[in-house]
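This report concerns only the one structure given below.
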C-alpha cells in the first residue's frame, strides 16, 4: 500500500505538472490584456503558430501536437473532476454526423485571390478578385458568333473634348495566319455586340488591308470595339455605302451649253487641271442625225467645238453667261467638227476632235474626215490650233492621254485610210507645246475592223490603248483588244485580248484607266448584239463589264459584270479614292456609276449621277479633281430647246476621319474559349474523421459548370458531375481536390463561380478569439468621457468553426450573461466613470475563449448640469447694485462641474469677477442697474408718436461638466423708474430721474 501510495503521489505530481503545463500552454495561446484599450483587438498569438492549414496541405507541428495532447488531458481531467469551463449548449445535431470531441470543419475558396487554385492544373480562367468570382477567359459581349475563332480588341482614344458621332476609323489590319488571305472574314462589333459597318479599301492579299469602320459614338477618352476573324467560310460583307457619303455638289444638275433652241450640244468630254475642269462639246444646228437626202447628211452642216471651265465644285463658270470658249477656229465656218477628247498635262489642256469640210452641195466631202487639235490653258485661253492627221479617208473618234513622266500627249483614233471595211487604229505623240514627235503611226492593224480606241497613261512612261476588234465594221461581231506603248510610240509587249465577240455578243464602247496606287488597269465596256438591228439603239445596249490588269497587262481579275441589264451603254472609268475605280454608264434616261475595288469587287449599288430630271442621256464622260467627280453628258430635258444640251454634275464622296484627336490601337489576339478548368490545391485536413459535404455558389447565364472531386494528386476522379449540397461521406481518401469544368458554345457571356467549399468532421481543441469595435470609436466628449451610449460590435473568429457556428457571450458591469446578437448589440448607457464589458466566444467544439476579454474604464456622462438662478427673479430690480446668484446640481455619478460662465447682455463676464464655491455648486456676481433716461411726448397735433425707452438686462448662467455637457438658465430684469412732467399748452415734457 505504501508503494501504491507513492505511485499515486507520483501520479498526482505528474497530473499537477500536466495541469500546469497545459495551463501555461493555454495561457500562451490566449495572450491578451484583461484591461483592453478601446482600439480594435487583434488575433491571439496562437493563431499565428497553429493555423488549420498552411497552403492547406501541411501536417501538425510537434509543438501543436504537444499543445493539443496536454489540452486534451486537461479537459478530460477537469471533466472527471466534475468541472466545466462553460455551460454546455444543447446539442441538436444529427448524431450520425457528430463525433465526440470533434466538429464540422470546412474549407472554402471565395476567390478573392488565387491562393487556393492550382494554376498548373487549371486553364482558360480569369479571377475577378474584387467581386470574388471565377469566369471563363476572354469573354466579350460582342463575341456572339461561334464561327469567329479569333478576336482582337481595338482601343480608340479620343484625347479631345468633343464627342464624335458616326465617326469612321481608319485601321490598317496586318494579315494573321488565322485570317483569310483576302481579309473577307473580318467583322467588327462594339462592346455590346452590335455589328459595325466597315469597308475594306486597299489591300495586299496575305499582307495588309486598309479598313474603314463606322463607329456610332466616340466620346472623350477610351472606346473599345472588336475585330473578329477566323471563319474560313465567311464571305465579304464590306459595305462602301455604309461608310461613305455621296454629296451632290451641284444639285440640281448644271446646264453647261447655252445655245439657240434650234441648235444641239452633243458628245461632251471633261478633264481637270490647274484647279479647273474644262468641258468641251460639239455645237450646231439640229437634228443630231440626218439621213435624208443621204446618210450622215448632218456632216455637211457647220459644227464647232465649244468649251467652258468650272471650279472643283462645278461653280464659277468661265466664261459666264451664254458665252463659250471657241476651241475650234470660229473663222472656219465651212467646217464640221465633233467628238472632242481632252487630256491635261503640264499646265495645258490638249483637245483633239474630228473634222471635215461642210458643204451641203458637195456631200461627198462629208467623209473626208481628219483629226485636229488645240491647246487651252486653265483660264480658257486657246494658245494654238493644229492638224493632227489629214490622211485620205476617214479619221475619227480621237482619244488623248498624257504621260507626266515624259511630258507627252498621245492621241489615238480610228482610221479608214485603207478603206471603210478595214479600219485601223493610228496614233501620234505630241509635246506639251503642241509639237508632234514624229509622224502618225499604226497602233492596231489587221484584217477587218479595229476602231473606237481609248487611251490612258500610267504616268510612268507607258500608255495602254484599248479598241474594238470586229469582223464587219457595221455588224461585227466585235471583241476587244489592248496594246501597251512607251512614250515614243513603241509597242510594249504583245496584243492583249480583253474580250471575244460571238454571233450574238458584241463587246463595244471600251474605256480604260490606270490606278497609280494599286498599279492596275481597269477596262470597262458594254455588250450588245448589233447584228439584230444596226440602226436601233437597243441592239447596242446590254450589261456593263470590267476587267482588271496589272501594270504589265497581265490579268488580275478576268471579265466580270459591273452592272447587269439590257439597257446600259457607253462607259467611262477613272481611278478614285486611292485604290478604287469609278465606272459610269448610260442607262437610257439616267446616268449611273459604281465603285469597284482593285480586286474586282463591286463596292456599291448603282449610284445615280443625274438629279432625276434628265431625258435621253447619252455620251457620258468623267474627270476627277480635288477628290470630286465631274460627270458630263448630253441631255434632252430642256423643253425650250429642240435638241440636246450638255449637262453635268459634280459629286464628292467622303467619310469623316479628319480629327487628329482620335487614334486607335489594335490589341493582342484572343482565341475563342469554349472550355475552362479550375482545380483547387490539395485539401488535406489535419485531423480528418470523415468527409461531409460539397457545396458551391455559381451561375450559368450561358453554358454550364460541371463539378468533380479528384484525389489529392488530381489524377483520379472520385465523384463525377456532382451538385452543390452533395454528401461526400463515401470518400475515403485523406486528401482531395475540387474541379470545375466550364463550357459554352459562344464567348459572349460566361458561367461564373462565386465560391465553393467542402466540409468534414475533424478534431478541434483550439479556442476561438473575439475582435471588437466601439461606436463611437473614441470618446465624443471632453477629457476621455462619452456623452452618449457606447455600443460594442463583437466579431468571433476560429481556425476551424465558421462564425455562424460560434456563440459569443458578454456581461455589462458584471450583470447577467447575455448571448451576442448582431441585431441587438450590447450598449452601455450608465453614467459613471468605470463602466466595463466582459465578452468571450465558444466554438462548435465547445472550446471557450479563456481568459475572457474585459474592456473597462469606460467613462459615460450623458446628463447635463442643472442651473438654478435664485437672484434676481424675473421682473423689476431697483436702481443700483444687483446680486446674481444661484446653485448648480450635478449627479454624483456624473463627471463633475468643470466651469461656470455668466453671460450679461450677450457678453461673457470675466472668470475672475465670478465667485464660486469650492465644489462649484454655488455662484455669485453683482452688477449696477441704471435708471436715468429722458422720454418725450408731444401732443395737440405737433407730433403723434411716443418714444419710450427702459433699461432691460439679459442674464444667462452656463455650467459645464468635465465630460463637456452644458446646462444653463436665463433671467430677464428691468430697472425700476420714477418720472415727473411739465404740462405746457402745446406739449408735455417728461423728465426721468
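Residue numbers (our numbering): 1 to 993. Ideal Cβ placement from N, Cα and C applies to all residues, glycine included.
Closest by C-alpha distance to residue 119, when choosing among 970, 677, 930: 677
Looking at the structure shown, is residue 610 part of a helix, part of a strand, or coil, going by DSSP? If DSSP states are grouped into helix, strand and coil, residue 610 belongs with coil.
By how many angstroms is the C-alpha of residue 797 removed from the C-alpha of residue 836? Each residue's Cα considered, the two are about 22 Å apart.
Rounded C-alpha distance that separates residue 746 from residue 142: 10 Å
Distance, residue 574 Cα to residue 624 Cα: Residue 624 and residue 574 have their C-alpha atoms spaced approximately 7 Å apart.
For residue 486, the nearest candidate out of 428, 533, 869 (CA to CA): 428
Given a threshold of 16 other Cβ atoms within 10 Å of its Cβ, counted over all protein chains shown, does residue 229 qualify as buried or as exposed? buried
Using only the alpha-carbon positions, how far apart do residue 539 and residue 641 sit? 28 Å
Cβ-based neighbour list, residue 417, same chain, cut-off 7 Å, excluding 5 preceding and 5 following: Same-chain partners within the cutoff: 391, 392, 393.
Measure from the alpha carbon of residue 308 to the alpha carbon of each residue in 292, 332, 282, then state which is nearest. 282
Would residue 973 be called buried (16 or more neighbouring beta carbons within 10 Å of its own) or exposed? Under this definition residue 973 is a buried residue.
So what does DSSP say about residue 538, is it helix, strand or coil? helix
With distances taken Cα to Cα, identify the nearest neighbour of residue 211 among 221, 172, 185. 172
Same chain, Cβ closer than 8 Å to residue 82, five either side skipped, listed in chain order: Only weak support exists for where residue 82 lies, its pLDDT of 36 falling under 50; the coordinates are left without a value.
Looking at the secondary structure, which residues open and close the beta strand (DSSP E) in which residue 994 lies? The displayed coordinates of the chain run from 1 to 993. Any statement about residue 994 would go beyond what the structure contains.
If we ignore side chains and look at the alpha-carbon of each, how far apart do residue 868 and residue 859 end up? 26 Å
Of all the options 506, 480, 514, which has the alpha carbon lying nearest to the alpha carbon of residue 499? If we check each option's Cα against that of residue 499, 480 comes out closest.
Within the chosen definition, does the segment 863-877 reach the segment 955-966 through at least 3 CB pairs nearer than 8 Å? yes
Rounded separation between residue 886 and residue 922 - CA only: Whole-angstrom Cα-Cα distance: 6 Å.
Which residue comes first and which comes last in the beta strand (DSSP E) that contains residue 122? Residue 122: not part of any beta strand (DSSP E); DSSP gives it neither H nor E.
Over the uninterrupted beta strand (DSSP E) stretch that includes residue 138, give me the two end residues. Where residue 138 is concerned, there is no enclosing beta strand (DSSP E), given that its DSSP letter is neither H nor E.
Buried versus exposed, by CB contacts within 10 Å (16 or more), residue 105: buried
Is the separation between the beta-carbon of residue 601 and that of residue 592 shorter than 7 Å? The answer is no: Cβ separation not under 7 Å.
Bounding residues of the beta strand (DSSP E) (the contiguous stretch that carries residue 883): 880-889
Check the C-beta distance from residue 531 over to residue 476 and give it rounded, since I have them as a contact under 8 Å. 6 Å
Between the C-alpha atoms of residue 1003 and residue 306, what's the straight-line distance to the nearest angstrom? The requested residue 1003 does not occur in the structure, where the chain is confined to residues 1 to 993.
Sort 510, 902, 404 by Cα distance to residue 516 and report the nearest one. 404
Opposite residue 353 in the DSSP bridges: which residues? 372
In the segment 608-657, which residue ranges form an unbroken beta strand (DSSP E) of at least 3 residues, counting only runs that do not cross its ends? 618-625, 628-635, 645-654
Three-state secondary structure (DSSP) of residue 366: helix
Helix, strand or coil: how does DSSP classify residue 300 here? helix
By the DSSP assignment, the beta strand (DSSP E) with residue 407 in it spans what residues? Per DSSP, residue 407 belongs to no beta strand (DSSP E) and is neither H nor E.
With DSSP run on the structure shown, which of helix, strand or coil describes residue 468? strand
Quick check: the Cα distance between residue 928 and residue 900, rounded to an integer number of angstroms? Straight across, the Cα-Cα distance linking residue 928 with residue 900 is about 21 Å.
Keeping to the same chain, check which residues put their C-beta closer than 8 Å to that of residue 324; ignore five residues upstream and five downstream. In its chain, beyond the 5 residues on either side, 257, 258, 283, 306, 307, 308 have a beta carbon closer than 8 Å to the beta carbon of residue 324.
Of the residues 917, 609, 167, 971, the one placed nearest residue 253, counting alpha carbons only: When only C-alpha atoms are compared, the closest one is 609.
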